[in-house]
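Following my numbering, the residues of the sequence shown are numbered contiguously, the last one being 192.
For every residue, glycine included, the Cβ atom is placed at its ideal position computed from N, Cα and C.
Each remark here refers to the structure printed beneath this line.
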Amino acid sequence: LQAVDNEMRLNIVKEKLDEAVEKGAEMLVSACPACKLAFVDGVREYQHKIEVLDIQELVAKKLGVLG
Numbered sequence: 126l127q128a129v130d131n132e133m134r135l136n137i138v139k140e141k142l143d144e145a146v147e148k149g150a151e152m153l154v155s156a157c158p159a160c161k162l163a164f165v166d167g168v169r170e171y172q173h174k175i176e177v178l179d180i181q182e183l184v185a186k187k188l189g190v191l192g
């Protein structure tokens, strides 16, 4: 979606991030690399205070491999 309509992509991401923050989420985890990138871009663009991780990063973090 980024190559076709980046504005739409960021609008979708903003809606999802707003919803996650509203519900009290501190972390957003995705198994899709393109989705993670979109959420990372959205966090940067809209200055949300939510951590965005790939599923492998979450597992590594919980195992103490990733700080």
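- Taking a cut-off of 8 Å on C-beta distances, the stretch 160 to 172 touches the stretch 141 to 152, as three or more cross pairs fall below it.
- Under DSSP, no beta-bridge partner is assigned to aspartate 166.
- Annotated as proximal: glutamate 151 and glutamate 176, with beta-carbon spacing under 8 Å.
- Secondary structure note for valine 146: its alpha helix (DSSP H) is the uninterrupted segment 131 to 147.
- Exclusion of the five residues before and after tyrosine 171 leaves Lys139 and Leu142 as the residues of its chain whose Cβ lies within less than 7 Å of its Cβ.
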